[in-house]
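As structure tokens, the structure follows; a few thoughts come after it.
Number of protein chains: 2
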Amino acid sequence: MPPRAELPLGVFDSGLGGLTVVGALGRVLPRERFLYLGDTARVPYGTRSAETIVRYSRGCARVLVERGIKALIIACNTASAVSVEMLRAELDLPVLGVIEPGAQAAARAAEQNAEQHGVLAKIGVLGTQGTIASGAYPRAVSQISSRLEVVGQPAPLLVPLVEEGWTEGEVPRLAVRRYLTPLIEAGAGVIVLGCTHYPLLRGLIEQEAAALAGRRVPVVDSAHATAAQVEDWIEQGRIEAAPPGEAALLNELLVTDLPASFEAVAGRFLDGTLPPVTQIDLTSG
Amino acid sequence: MPPRAELPLGVFDSGLGGLTVVGALGRVLPRERFLYLGDTARVPYGTRSAETIVRYSRGCARVLVERGIKALIIACNTASAVSVEMLRAELDLPVLGVIEPGAQAAARAAEQNAEQHGVLAKIGVLGTQGTIASGAYPRAVSQISSRLEVVGQPAPLLVPLVEEGWTEGEVPRLAVRRYLTPLIEAGAGVIVLGCTHYPLLRGLIEQEAAALAGRRVPVVDSAHATAAQVEDWIEQGRIEAAPPGEAALLNELLVTDLPASFEAVAGRFLDGTLPPVTQIDLTSG
């Protein structure tokens with residue numbers, strides 16, 4: 001069955017961090033509509049077991065598929081790392097995670113780096129415990145090139161720092177430095193932001209990585225790489241939702257909990273006005 | 286129906302932090318057995334809405350009651366703040382949260398402080414967003430004394446810092462200082478550790494509070510106050526589980542997820558060996 005062009009792209013994330021992916025998608029795909037689900041009643045996924053992450057991911061995917069989407073984008077690195085293969089096998093529509101596009105972008109950056117500096121640097125990945133433990137980035141990079149090496153570092157404090165709004169100052173700087181140090185010492189010359197929250201710390205990560213390495217270290221954000229891949233897929237399939245020149249918007253935002261600080265946190269991830277928000281229940285039963 | 290003495294005391298928490306409460310209970314009640322449930326698949330509760338916290342608390346309580354307990358202790362401050370009244374109304378057994386004992390201990394410390402220094406200092410509460418937003422501590426203190434004032438400060442980064450094991454060094458010190466500053470500036474002369482994770486930062490909190498206030502600031506831990514209250518209840522009811530001299534142990538630990546780092550994290554909260562651990566499912570359905 002060919003995908004129905006008019007349907008929205010479904011995007012899910014453990015919480016609101018995935019809105020950074022919707023932002024990147026919206027910039028390259030202004031004619032698409034988006035249906036976003038943030039599992040805010042069970043966020044974060046990054047500290048949970050693979051079994052639990054798979055169960056939660058399946059629940060999120062089911063809600064979006066039932067509402068009607070033409071493709072599923074897993075914005076959460078942890079959910080992508082653990083669930084993308086399972087969801088591809090189970091669902092009758094295109095499924096894209098953020099790990100493969102991120103690994104491709106990192107591999108390109110490492111190759112460019114090698115051309116400039118004459119040494120092939122390792123790829124350093126900052127991610128949640130779940131993402132790093134899954135080995136998904138090393139696996140994805142090994143399918144692109146056998147000569148690229150990946151080193152991973154779980155960075156569990158960075159998500160709470162971003163959610164607290166502490167993206168500047170000494171506390172996030174020292175935390176970023178502590179997580180980057182083993183990566184740079186292991187020879188990482190490219191850093192992957194392996195979690196949707198980390199782009200909000202990008203400036204600090206670039207500064208600290210450069211200070212530790214003694215030269216500029218390229219920082220790769222998988223949201224942009226994912227958006228480029230979705231753009232290719234839409235263009236090749238000629239399944240744009242709106243005619244040229246007509247802009248479509250994020251049409252609905254589903255959440256499983258409405259925290260008191262919802263608007264403040266959501267606003268951190270998505271520029272501009274918030275779409276209509278609906279709370280749904282994935283957790284009782 | 287009188288409580289059956291041989292049954293364990295049921296304790297639940299959003300995660301493993303409540304093991305600090307079990308530790309305090311075990312020290313004063315060596316003859317009791319404990320059945321602990323940590324809702325690790327949905328931790329943390331502190332950032333969620335009251336509605337969701339109530340739903341999760343009811344699910345935890347149901348599991349423990351079905352397995353057979355003689356009383357329910359809500360070790361989580363956030364769950365206590367929001368759910369204790371509802372669970373007391375719904376359950377046919379004694380229900381104790383950590384807020385009321387903590388408020389009583391804080392009131393005593395404030396009164397002692399007033400005797401020593403001649404001024405009645407305010408009570409400063411560090412807690413999760415959910416606990417502070419609920420107003421449970423000011424409400425509990427107002428029922429003890431009308432002349433005591435409470436100021437609250439949400440401190441969402443302290444839980445992830447403890448779970449990451451960063452309880453010493455510059456990052457936790459700066460975070461603690463940042464959260465304590467508005468409390469001390471508002472005139473707090475007693476600090477309540479309003480979350481089961483915070484006792485692991487007690488040393489830093491005492492140091493930073495003293496540095497900010499220019500003199501020692503008493504720090505109150507609700508785990509000990511709660512344990513004393515349970516001890517009274519057991520003695521008055523003569524419902525000890527084991528004869529004098531016989532030691533009972535935490536007999537089972539239930540969790541809703543088994544994170545990879547489970548033993549490391551659990552070990553941080555509970556001295557000594559871990560009891561048998563069983564994973565249960567509260568989240569699918």
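From first to last, the protein sequence lines are chains A and B.
Per our numbering, residue 1 is the first one in the first sequence, and the count goes up by one each step.
Per our numbering, residue 286 is the first one in the second sequence, and the count goes up by one each step.
Ideal Cβ placement from N, Cα and C applies to all residues, glycine included.
Here the structure is a predicted model, which means the values were calculated and not measured.
Query	Result
Closer than 7 Å: A/S57 CB and nearest the ligand SAM heavy atom	Ligands displayed in this structure: none; no statement on the ligand SAM is therefore possible.
Reference A/E164, options B/L446, B/L442, B/T452, closest by Cα	B/L442
Cα-Cα separation, B/L485 to B/A440	14 Å
Among A/S80, A/A266, A/G135, A/A186, the one whose alpha carbon lies nearest that of A/F12	A/S80
Residue-chain proximity (A/V171, chain B), Cβ-Cβ < 8 Å	yes
Any 3 or more C-beta pairs closer than 8 Å across the segment 340-355 of chain B and the segment 456-467 of chain B	no
For A/T78 and A/T20, the rounded distance between their alpha carbons	15 Å
Distance, A/A5 Cα to B/S334 Cα	37 Å
Contact with chain A by B/R327, beta-carbon distance below 8 Å	yes
B/I490 to B/E470 span [Cα, whole Å]	15 Å
Residues sharing a beta bridge with A/V98, DSSP	In the DSSP output, where bridge partners are listed per residue, A/V98 has none listed.
Interface partners of A/T47 on chain B, CB under 7 Å	P544
Contacts that B/L442 makes with chain A (C-beta to C-beta distance below 8 Å)	L157, P160, L161, E164, W166, V171
Beta carbon proximity, B/T563 to chain A, threshold 8 Å	no
Cα-Cα separation between B/A360 and B/S419, rounded to whole angstroms	16 Å
For A/K122, the residue or residues it bridges with in DSSP	A/A188
Within chain B, partners of A/L9 - CB distance below 8 Å	Residues of chain B passing the Cβ test: none, with the nearest at roughly 27 Å.
Pick from A/I53, A/G130, A/A264, A/V190 that is closest to A/E111, judged by C-alpha positions	A/V190
Validate contact between the segment 384-403 of chain B and the segment 505-514 of chain B using beta carbons, cut 8 Å, 3 pairs	yes
Three-state class that DSSP yields for A/D232 in the structure shown	helix
A/L174 at chain B interface by Cβ criterion, 8 Å	yes
Cα-Cα separation between A/Y56 and B/E317, rounded to whole angstroms	37 Å
8 Å Cβ shell around A/G23 - same chain, five flanking residues per side excluded	A223, F269, L270, D271
Burial state of B/E375, where buried means 16 or more other Cβ atoms lie within 10 Å	exposed
Coil, strand or helix - B/E375 by DSSP	helix
Paired residues, beta bridge with A/L35 - DSSP	A/G10, A/E252
DSSP three-state assignment for B/A326, whether helix, strand or coil	coil
Span separating the alpha-carbon of A/Q153 from that of A/V220	15 Å
Listed by chain order, chain A residues near B/T337 by CB distance under 7 Å	A41, D257
Own chain partners of A/C195 with C-beta closer than 6 Å, once the 5 adjacent residues on each side are dropped	N77, G127, T128
Distance CB(B/E455)-CB(A/L174) smaller than 8 Å	yes
Backbone CA spacing between B/Q521 and B/A390 [nearest angstrom]	20 Å
Beta carbon proximity, B/E491 to chain C, threshold 8 Å	Protein chains A and B are contained in the structure displayed, whereas chain C is not.
B/Q428 to B/V444 span [Cα, whole Å]	29 Å
Under the three-state DSSP convention, the category B/T363 falls into	helix
Beta-carbon proximity of A/L300 to A/Y45, cut-off 8 Å	Here chain A has residues from 1 to 285 only, and residue 300 of chain A is not among them.
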